[in-house]
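Accompanying notes for the structure given below.
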Amino acid sequence: MFSILWAIHANVMELTTWVMCHIVTDKDIYSRVCQEIRNFVNQQFPRIDSITRIDPKVLEDDAFRFLNSVIQEVMRTKTAVGPMRVATMDAVIMDEDDKEIFIRKGEMIFINFPGMHHSPSLQEEPEVFKADRFINGSPYKSYMFGGGKHICAGRNYAKFVVRQFIIMTLALNDIQLQTNTVDGSGSLPESDGTMGLKLMLFSRRKNDLLITLDPVSTSASLAK
C-alpha cells in the first residue's frame with residue numbers, strides 16, 4: 003500500500019499536473035484535446051460517469067491519439083530521474099567519443115533517461131515541446147517507466163489514471179486560464195531543475211497556474 007501511495011503522490015499527480023499545464027497554456031493544444039475528448043464522449047458515453055468503468059485499452063486507441071501524444075511528450079520532456087542498477091559483472095563500454103568506460107562488478111550504475119530523451123541523436127529538436135511528436139508513433143523508444151524485468155509494474159495503471167482524469171475533467175468543464183505572470187499573461191510553469199534529487203520521477207514546478215472551471219451543462223456545448 004505504501005508503494006502505491008508513494009507512486010501516486012510522487013509521479014501520477016505530478017505527471018497529471020504537467021499535462022494539464024501544457025494543455026491549458028496552449029490554445030491549439032487545448033482546442034484539439036477538447037475536441038477529441040468531447041467527440042468521443044458524446045458518441046460513446048451519454049453518461050460521463052460510466053467512463054470510470056471503461057476498459058483501459060479503449061483509452062489507448064485512435065480515439066485519443068492526440069491526447070496520448072501530449073502525455074507521452076510530457077513524460078519525455080519532464081522525466082527527471084533514471085533508475086539505479088548494480089553491475090553483476092565486470093564490463094567495458096564505449097562512450098560517444100569512443101573512450102572506454104570500465105565498470106566493475108558491484109558498482110552502482112545510473113541510467114540517464116533525461117539525457118536520452120533530450121539527445122539530438124535520438125529526437126528531432128529535443129528541446130522543443132511538440133504535442134504531436136508521438137501521434138504517429140516514434141522510431142525511438144522512451145524509458146519513462148524503466149525497462150527489462152525491473153520495468154515499473156504500475157505503468158499501465160498510472161497512464162490510465164492520468165488519461166481518465168483529463169478526459170473527465172475536460173468533458174465536464176471549460177477551463178479558463180488566469181494570469182500567473184507580472185505582465186498579465188498565462189505561461190507554462192518553470193521546472194525547478196531538481197532532476198530527481200527528491201526521488202521523484204518527474205521534475206517539480208517552481209510556480210502554479212490559476213484556472214477557473216466552468217461546467218459544461220449541455221450535450222450541445224460538449225460538441226463544441
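In terms of this note's numbering, the sequence shown has 191 at position 189, counting the first letter as 1, and numbering is strictly consecutive.
Cβ atoms here follow ideal geometry from the backbone N, Cα and C, with glycine treated the same way.
Fair warning: this is a prediction, and the values are worked out from it, not measured in the lab.
Helix, strand or coil: how does DSSP classify residue i here?
| i | result |
| --- | --- |
| Ile-105 | strand |
| Gln-45 | helix |
| Gly-88 | The sequence as given places Val at residue 88; Gly does not occur at that position. Here Val-88 sits in strand by DSSP. |
| His-120 | coil |
| Pro-217 | strand |
| Phe-131 | coil |
| Asp-176 | strand |
| Ile-111 | strand |
| Gly-150 | helix |
| Thr-81 | strand |
| Ile-95 | strand |
| Ile-137 | strand |
| Asp-210 | coil |
| Gln-125 | coil |
| Pro-191 | coil |
Check whether the Cβ atoms of residue i and residue j lie closer than 9 Å to each other.
| i | j | result |
| --- | --- | --- |
| Ile-73 | Lys-161 | yes |
| Met-86 | Ile-103 | no |
| Ile-215 | Gln-178 | Note on residue identity: the sequence assigns Leu, not Ile, to residue 215. Yes; because the gap between Cβ atoms is below 9 Å, this pair is in contact. |
| Ile-169 | Ile-39 | yes |
| Pro-128 | Pro-122 | yes |
| Glu-75 | Arg-135 | yes |
Of the residues the options, which one's Cα is nearest the Cα of residue i?
| i | options | result |
| --- | --- | --- |
| His-24 | Arg-157, Leu-190 and Asp-216 | Leu-190 |
| Asn-175 | Asp-28, Met-15, Trp-20 and Gln-37 | Gln-37 |
| Asp-97 | Pro-128, Asn-114 and Glu-62 | Asn-114 |
| Arg-55 | Ala-155, Val-163, Val-218 and Pro-217 | Val-163 |
| Asn-41 | Phe-66, Val-94 and Ser-52 | Phe-66 |
| Phe-167 | Thr-90, Ile-137, Asp-28 and Pro-58 | Pro-58 |
| Asn-158 | His-119, Ile-53 and Val-60 | Val-60 |
| Val-130 | Ile-153, Arg-78 and Asp-99 | Arg-78 |
| Asp-64 | Gly-139, Glu-192 and Ser-52 | Gly-139 |
Among residues of its own chain, excluding the 5 on either side of residue i, which ones have a beta-carbon nearer than 6 Å to its beta-carbon?
| i | result |
| --- | --- |
| Asp-210 | none |
| Asp-92 | Arg-106 and Lys-107 |
| His-120 | Pro-128 |
| Lys-200 | Reliability of the predicted coordinates at Lys-200 is poor, the pLDDT of 45 falling under 50, and no value is obtained from them. |
| Pro-48 | none |
| Ile-95 | Ile-103 |
Tell me which residues share the same chain as residue i and place their Cβ nearer than 8 Å to its Cβ, disregarding the 5 neighbours each side in the sequence.
| i | result |
| --- | --- |
| Val-88 | Gly-108, Glu-109, Met-110 and Ile-111 |
| Val-14 | Ala-160, Val-163 and Val-164 |
Could you pull out every residue in the same chain whose Cβ sits closer than 7 Å to the Cβ of residue i, ignoring the five residues on either side in sequence?
| i | result |
| --- | --- |
| Val-35 | Ile-25, Phe-68, Leu-69, Val-72 and Leu-172 |
| Ile-137 | Arg-67, Phe-68 and Ser-71 |
| Phe-147 | Ile-153, Cys-154 and Arg-157 |
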